[in-house]
Amino acid sequence: MSKLLLNLRNVPDDEADDVRAMLDAKRIAFYETTPSPWGISAGGIWVTEDADFADAKRAFDEYEQQRSVRVRAEYAAARREGTAETFIGILRSDPLRVVMTLLGILLALGLVALPVILLRG
Numbered sequence: 031m032s033k034l035l036l037n038l039r040n041v042p043d044d045e046a047d048d049v050r051a052m053l054d055a056k057r058i059a060f061y062e063t064t065p066s067p068w069g070i071s072a073g074g075i076w077v078t079e080d081a082d083f084a085d086a087k088r089a090f091d092e093y094e095q096q097r098s099v100r101v102r103a104e105y106a107a108a109r110r111e112g113t114a115e116t117f118i119g120i121l122r123s124d125p126l127r128v129v130m131t132l133l134g135i136l137l138a139l140g141l142v143a144l145p146v147i148l149l150r151g
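Counting from 1, position 71 in the sequence shown corresponds to residue 101 in my numbering; the numbering is continuous, with no gaps.
Dropping the structure here:
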């Protein structure tokens with residue numbers, strides 16, 4: 031029976047590509063499910079054979095460890111160079127999105143607080 035190796039929700043394309051390449055290189059049979067059109071399921075990478083799952087999981091854990099070290103080093107280098115993404119940078123590049131997000135947050139907080147305000151009076 032197939033087992034889920036990687037849920038693709040919020041997984042960057044390069045990471046999913048790396049996992050596919052790793053499984054191909056290790057000759058581990060897998061298949062991929064696509065996300066649903068309504069966002070209920072995100073899709074995933076599944077190992078076909080139960081016997082291969084332990085090897086796939088071990089290789090995936092090693093990959094995740096290496097990726098974590100690499101990405102943290104890249105982020106630290108970007109912070110040192112001043113090229114890391116910041117709130118001010120996002121505000122400059124896409125002010126409408128930031129303002130609309132903040133308004134949405136304020137609206138949600140207002141709706142949550144409304145019953146308390148109405149019951150107080």
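Backbone N, C-alpha and C fix where the C-beta goes; we use that ideal spot for every residue, glycine too. Since the structure is predicted, the reported quantities are computational estimates derived from the model, not experimental observations.
DSSP, read as helix, strand or coil, puts Val129 in helix. Taken atom to atom, the span from the alpha-carbon of Ile135 to that of Ala143 is near 12 Å.
Annotation for Leu38: no beta strand (DSSP E) segment contains it, and DSSP assigns it neither H nor E. Considered as a whole, the segment 85 to 136 harbours 117 to 123 as its complete alpha helix (DSSP H) runs of no fewer than 4 residues, in chain order. Here the alpha carbon of Ser98 sits roughly 49 Å from the alpha carbon of Leu149.
The C-alpha of Tyr105 is placed about 37 Å away from the C-alpha of Asp80.
DSSP links Glu62 through a beta bridge to Ile75. By the neighbour-count criterion, in which a residue is buried when 16 or more other Cβ atoms sit within 10 angstroms of its Cβ, Ile58 is buried.
Pairing Lys56 with Asp85 gives a Cβ-Cβ distance under 8 Å.
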